[in-house]
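> Just so you know, the protein sequences line up as chains A and B, in that order. Letter 14 of the first sequence, counting from 1, is numbered 14 in my numbering, and no numbers are missing. Letter 234 of the second sequence, counting from 1, is numbered 234 in my numbering, and no numbers are missing. Note that CB positions come from ideal geometry on N, CA and C, so glycine has one too. Source: prediction; values computed, not measured.
2 protein chains.
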Amino acid sequence: MYAQAASSVTVRTDIAELGVTRGLSRQATGHLMAISSLQRIAPGATLFAEGDDADSVYEVVHGMLRLYKLLSDGRRLITGFLSAGHLLGLASEGVCVFTAEAITEVTLCRYKRPAFERLIDEVPGFARRLLTITSDELRAAQDRMLLLGRKSASEKVASFILLMADRQSRSGVEVVDVPMTRNDIADYLGLTIETVSRTLSKLRQDGLIALTPARIEICDRDELEELAAGESDAGF
Amino acid sequence: MYAQAASSVTVRTDIAELGVTRGLSRQATGHLMAISSLQRIAPGATLFAEGDDADSVYEVVHGMLRLYKLLSDGRRLITGFLSAGHLLGLASEGVCVFTAEAITEVTLCRYKRPAFERLIDEVPGFARRLLTITSDELRAAQDRMLLLGRKSASEKVASFILLMADRQSRSGVEVVDVPMTRNDIADYLGLTIETVSRTLSKLRQDGLIALTPARIEICDRDELEELAAGESDAGF
DNA sequence: CGCAAACTTGATGTTGCTCAAGCTAGGTGG
DNA sequence: CCACCTAGCTTGAGCAACATCAAGTTTGCG
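1) Thinking just about the alpha-carbon of each residue, which of B:I218, B:E231 and B:P124 is nearest to the one in B:R26?
2) So if I threshold CB-CB distances at 9 Å, which residues from the stretch 149-167 of chain A count as touching chain B?
3) Using C-beta distances below 7 Å, list every residue in its chain close to A:H31, excluding the 5 sequence neighbours before and after it, in chain order.
4) Straight-line CA distance for B:L24 to B:D121?
5) Tell me, please, whether the stretch 42-55 of chain B touches the stretch 89-107 of chain B by the rule of three or more beta-carbon pairs shorter than 8 Å.
6) For the pair the stretch 214-230 of chain A and the stretch 153-166 of chain A, tell me if three or more CB-CB distances fall below 8 Å.
7) Three or more beta-carbon pairs under 8 Å between the stretch 136-156 of chain B and the stretch 204-221 of chain B, yes or no?
8) Please confirm whether B:K69 has its beta-carbon closer than 9 Å to some beta-carbon of chain A.
9) Using only alpha-carbon positions, find the residue among A:D136, A:P114 and A:G207 that is nearest to A:A158.
10) Helix, strand or coil, according to DSSP, for A:V149 in the structure here?
11) Which same chain residues end up closer than 8 Å to B:V20 when comparing Cβ atoms and leaving out the 5 residues on each side of it in sequence?
12) Using the beta-carbon of each residue, which ones in chain A are nearer than 9 Å to B:E122?
13) Scan the stretch 123-148 of chain B for residues whose Cβ lies nearer than 7 Å to a Cβ of chain A and list them as they occur along the chain.
14) Output, in chain order, the set of chain A residues within a Cβ distance shorter than 7 Å of B:S72.
15) Taking 6 Å as the limit between beta carbons, can you name the residues of its chain near B:L148, skipping five residues before and five after?
16) List in chain order: all unbroken alpha helix (DSSP H) runs of 4+ residues lying wholly within the stretch 77-142 of chain A.
17) From the DSSP output, read off the bridge partner residues of A:H31.
18) Could you tell me the boundaries of the alpha helix (DSSP H) in which A:A228 lies?
19) Which residues, in order along the stretch 86-98 of chain A, keep a beta-carbon less than 8 Å from a beta-carbon of chain B?
20) Got a sec, what are the start and stop residues for the alpha helix (DSSP H) A:T181 sits in?
21) Based on the DSSP output, what are the partners of B:K69 in its beta bridges?
22) Could you work out which residues of chain A lie near B:R75, taking near to mean beta carbons separated by less than 7 Å?
23) Taking only the alpha-carbon atoms, compute the straight-line gap between A:L82 and A:D52 and give it to the nearest angstrom.
24) Can you confirm whether B:T199, when its beta carbon is compared against all beta carbons of chain A, has any partner nearer than 9 Å?
25) What is the rounded straight-line gap between the Cα of A:A34 and the Cα of A:A28?
26) Mind reading off the beta-carbon distance from A:A91 to B:S135? Whole number of angstroms is fine, and I expect it under 8 Å.
27) What are the start and end residues of the alpha helix (DSSP H) that includes A:S201?
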């Protein structure tokens with residue numbers, strides 16, 4: 001709905017404010033805009049699949065994507081949920097190493113790789129900016145490894161809720177939009193859908209959160225943070 | 001032993017062949033060498049700890065390091081084992097997000113951050129080179145997430161053996177050095193030491209590997225690869 | 001209103017963890 | 001040189017957390 005409401009003009013303005021260009025000169029931003037094109041995909045649609053040629057770099061303008069990897073028997077791990085401002089496809093040189101699918105309707109800004117790479121070499125500070133972005137992602141990836149390898153189910157779910165909350169940081173907001181399904185959450189946390197559901201129910205019963213479909217309200221952030229940090233508070 | 005045998009001259013030569021400078025001009029390499037200093041640490045020693053000021057970037061010249069993150073109750077996840085050629089500390093701007101400890105005796109090439117960052121801006125192609133390195137790490141991190149979140153114990157252990165084998169790629173070599181303890185392996189795979197030990201024993205009984213302390217020999221690489229890829233070969 | 005997809009809840013099962021011995025190898029001192 | 005000691009490793013028995021299987025329930029949509 002809201003995606004259709006965005007007029008073409010509004011969206012062109014958005015590009016100048018995208019994450020990639022933050023800190024770059026007006027001129028550099030111009031160069032980037034010159035090689036960009038807009039793309040819109042429907043909920044559930046695949047942007048690209050693991051194994052595809054990686055011919056573009058994208059930035060999310062609007063909506064939410066899931067990135068995932070599969071094992072041959074279908075086991076899935078969602079490596080990330082991407083929302084407005086996130087860059088994607090940068091790490092995939094040659095062949096895509098994950099699949100990217102739309103969760104909601106998604107608007108993307110697309111940069112063809114050859115032109116994008118030329119800019120990396122030519123625009124001063126651009127490579128540096130991209131380096132900062134990938135470094136941040138790497139740090140987040142290490143946090144995810146700790147979560148996947150060493151946290152219990154309730155610690156994982158608590159961490160997930162707080163991550164989503166912080167990302168939608170109209171600060172002090174304690175109602176979190178959850179556009180993805182329980183299945184997506186499970187595959188993001190390395191759990192099953194049933195365990196996610198049960199754990200959310202438990203958190204609700206314990207008064208840490210309130211649940212409405214597609215929305216989670218944080219009722220006791222302190223307790224939730226303690227749980228997420230793994231301070232093995234007896235009882236969880 | 002071997003580390004003491006390396007003369008100062010030998011080591012200076014090594015620096016010119018380090019991973020960071022690959023593909024850079026002789027001049028750029030010179031700039032890097034100008035701000036570098038060598039450092040040697042003993043097995044078990046800590047290079048820096050999670051929370052420390054991140055004042056340097058390092059490259060491993062010799063030996064093996066473990067990087068890890070801790071939860072407050074002591075649960076540990078090893079985010080990576082670093083050997084010669086690996087860069088470290090690049091992603092940590094401000095504060096270190098993990099601890100780095102020597103497994104064997106380790107020789108490092110150290111670059112102070114301010115000088116290093118100046119080079120990023122001044123040496124053409126350097127930021128681009130670092131971007132490639134972090135992108136590679138990011139791809140590896142996503143593989144680790146899939147492993148940690150969705151693979152079984154035997155799949156994890158098989159993946160680990162193959163990873164170590166490929167890294168020591170004198171190609172066709174099927175005897176893998178394993179300088180780290182079972183505990184390190186467990187904390188790398190998100191398992192317990194007992195499960196790692198049992199799983200290795202099982203792989204030995206099944207004829208996929210042979211075990212000598214601190215060394216693993218690959219006997220049936222095909223089977224091991226199938227197992228690592230998660231092609232749920234019944235019986236594992 | 002009815003249908004399908006998503007979600008919840010319960011009963012049972014299995015993987016990997018915990019607790020507890022024993023074993024092995026390498027280094028040290030008598 | 002050998003016996004001892006310790007850190008690391010292996011193995012076993014029992015257990016808990018999470019997965020699996022199986023109904024039901026809710027929700028959103030045509």
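To lay it out plainly:
1) B:P124
2) G149, R150, K151 and E155
3) L119 and V123
4) 14 Å
5) yes
6) yes
7) no
8) yes
9) A:G207
10) Reading the sequence as shown, one finds Gly at residue 149 of chain A and not Val. Looking at A:G149 - three-state DSSP - the assignment turns out to be helix.
11) L32, E59, L87, R129, L130 and I133
12) Here the premise fails: no neighbours, minimum Cβ distance about 11 Å.
13) A127, R128, L130, L131, T134, S135, E137, L138, R139, A141, Q142, R144, M145, L146 and L148
14) A229, G230 and E231
15) G190
16) 113-122
17) DSSP lists no partner for A:H31.
18) R221 to A228
19) L90, A91, S92, E93, V97 and F98
20) Run containing A:T181: none; DSSP gives neither H nor E here.
21) B:L77
22) R150 and G230
23) 19 Å
24) no
25) 10 Å
26) 4 Å
27) I193 to Q205
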